[in-house]
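Chemist: To convert, note that position 11 of the sequence shown is 0 in the working numbering; the numbers rise steadily by one, no gaps.
Virtual Cβ for every residue (Gly too), placed ideally from N, Cα, C.
My structure is below; once you've seen it, I'll send some questions.
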Amino acid sequence: MRERKKTWDQKVMLAEESFLRARNNITFAKRFYQNLFLLNPEIQDYFKNTDFKYQEKALMNGLNILFSYLHKDEFARTQVSRLSKVHNIDGLKIHPYLYYYWIEALIITIQEFDTSWHDDLAYYLREVINYPISFFTSQYFIAHE
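Listed below in structure tokens is the structure:
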């Protein structure tokens, strides 16, 4: 196991580099959804009428936005805010507890495709992705306050 005494910026860099290596696999998005549905089959109900070609592109765009958010990119911040509204209780109703499975599916999928994977990357990915996802979950009930 490698030493985990990294700065925030180092963790972001390592997590993003891992994602960038993994996303080059053309089946990344498809495999992500397979992993997500395996972790929690009930999540499939949210995708009953989904065009998965479109959804897979949306996932990859969303992941790029999340990693840009980590770099304090203003466009990414605007998009994360917009997406959180799309997914909140007035939108797609993606309850905050479901993001646990989303994060875990992401880590599993990156691990499958990152040719330079080491176990500490799961720790770094979980920590840095939780930052924008925690914003998502904090916005779930906003419209009803």
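#1: Using a Cβ-Cβ cut-off of 7 Å (strictly less than) and excluding sequence neighbours within five positions of THR101, which residues of its own chain qualify?
#2: Are the CB atoms of ALA11 and GLU45 within a distance shorter than 8 Å?
#3: Looking only at its own chain, which residues have a Cβ that is under 7 Å from the Cβ of MET49, when we skip the five neighbours before and after it?
#4: In whole angstroms, give me the CA-to-CA distance for PRO30 and SER105.
#5: Using the C-alpha atoms, what's the distance from TYR89 back to LEU72?
#6: With the cut-off set at 8 Å, would you say HIS76 and PHE125 are in Cβ contact?
#7: For ASN38, count neighbouring Cβ atoms within 10 angstroms of its own Cβ and tell me buried if that reaches 16, exposed if not.
#8: Got a sec, what are the start and stop residues for the alpha helix (DSSP H) HIS76 sits in?
#9: Please state whether the Cβ-Cβ distance between TYR113 and ALA4 is less than 8 Å.
Modeler: So, from the data block:
#1: If you number the sequence shown from 1, residue 101 lands on position 112. In the sequence as presented, Thr is not what sits at residue 101; that position holds Glu. Excluding positions up to five away in sequence, the list reads ARG20.
#2: Walking along the sequence shown from the start, residue 45 turns up at place 56. Walking along the sequence shown from the start, residue 11 turns up at place 22. Cβ atoms of GLU45 and ALA11: not closer than 8 Å.
#3: Here residue 49 is taken as the residue at index 60 of the sequence shown, counted from 1. Only ARG12 and ALA18 meet the Cβ criterion.
#4: Position 41 of the sequence shown, counting from 1, holds the residue named residue 30. Position 116 of the sequence shown, counting from 1, holds the residue named residue 105. C-alpha separation (whole angstroms): 30 Å.
#5: By 1-based counting over the sequence shown, the position of residue 72 is 83. By 1-based counting over the sequence shown, the position of residue 89 is 100. Each residue's Cα considered, the two are about 17 Å apart.
#6: Stepping through the sequence shown from its first residue, residue 76 is reached at position 87. Stepping through the sequence shown from its first residue, residue 125 is reached at position 136. Yes.
#7: The residue you call residue 38 lines up with position 49 of the sequence shown. Classification for ASN38: exposed.
#8: For the purposes of this step, residue 76 is taken as residue 87 along the sequence shown, with counting starting at 1. First-last of the alpha helix (DSSP H) with HIS76: 63 to 76.
#9: Along the sequence shown, one-based indexing puts residue 113 at 124. Along the sequence shown, one-based indexing puts residue 4 at 15. For TYR113 and ALA4, yes; Cβs fall inside 8 Å.
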